[in-house]
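Participant:
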Amino acid sequence: MFTLPQLPFEPTALEPYMSANTFSYHHGKHHKAYVDKANAAIEGTPMANMSDVEVVRAAKAKGDQGLFNNAAQAWNHSFLWNSLSPMGGGSPMGALKDAIDRDLGGVESFGEAFKKEAVGHFASGWAWLVHDGSALKIISTHDADTALVHEGLTPLITLDLWEHAYYLDYQNARPGFVDSYLMHMINWDFASENYAAVAA
Ligand code: FE2
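For the sequence shown, our numbering begins at 1 and goes up steadily by one.
1) From the DSSP output, in three-state form, read off threonine 158 for me.
2) With glycine 94 as the anchor, note down where its alpha helix (DSSP H) starts and where it stops.
3) Listed by chain order, which residues have C-beta atoms less than 6 Å from any heavy atom of the ligand FE2?
4) What does the alpha-carbon distance come out to for the pair alanine 74 and glycine 94?
5) Which whole-angstrom value is the C-beta distance of isoleucine 157 and serine 85, which I expect to be below 8 Å?
6) Could you say which of Met1, Phe114, Asp160 and Asp145 lies nearest to glycine 44 if we only look at CA atoms?
7) Take every Cβ of the region 145-165, pair it with every Cβ of the region 51-62, and state whether three or more of those distances are shorter than 8 Å.
8) For the region 19-55, list the alpha helix (DSSP H) runs that are entirely contained and at least 4 residues long, ordered along the chain.
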């Protein structure tokens, strides 16, 4: 069963870049609804005993789009909260920095490419830094789709591009939202942990 996790920081901790008001809707209403709907769909089925990741993958494999949308969004948002930090922004350290230098031309180039992908993505979805088994890549996915179910990809960090993620704080200015993420909120420690697990 899915659970709505506690935010890993106070709801005011990312202000002014992401407001407590945004979290009250985004975490308290949107994310909660995805969790509740995914659980309602799997209750009483063998999927109720699977891990969250297994449910997302099983829904995809079965072609159950309704369950996939809610299960993937439940997982994506838990991953998103960990992708944010009040101590975020700046540059990664260590092995992840070396990999970004090698595969993406450095942290500055990463930022430019990530912003281009995130701003250029049409309508709702997610921007990701992923590892494809040999190198780092920046991709985006549509609607509920998640890098988690793309063959060979391991998600390292994400940003929600749905309007509900930024409209209260930035209105329609997605570029400003992405800038704030890259400069002030991106949790490089989380990305580094995920990179260490996949690159080991
Ligand atoms: Fe969202």
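C-beta: ideal position from N, C-alpha, C; glycine also.
Facilitator: In short, the structure shows the following:
1) Reduced to three states, the DSSP call for threonine 158 is strand.
2) For glycine 94, the enclosing alpha helix (DSSP H) begins and ends at 94-104.
3) Those satisfying the condition are, in chain order, His26, His30, His77, Asp160, Trp162, His164 and Ala165.
4) Between alanine 74 and glycine 94, the alpha-carbon positions lie close to 31 Å from each other.
5) In this structure isoleucine 157 does not touch serine 85 by the C-beta definition: roughly 11 Å separates them, more than the 8 Å allowed.
6) Measuring from the Cα of glycine 44, the nearest candidate turns out to be Met1.
7) With the cut-off at 8 Å, the region 145-165 and the region 51-62 touch.
8) You should have 20-25 and 32-42.
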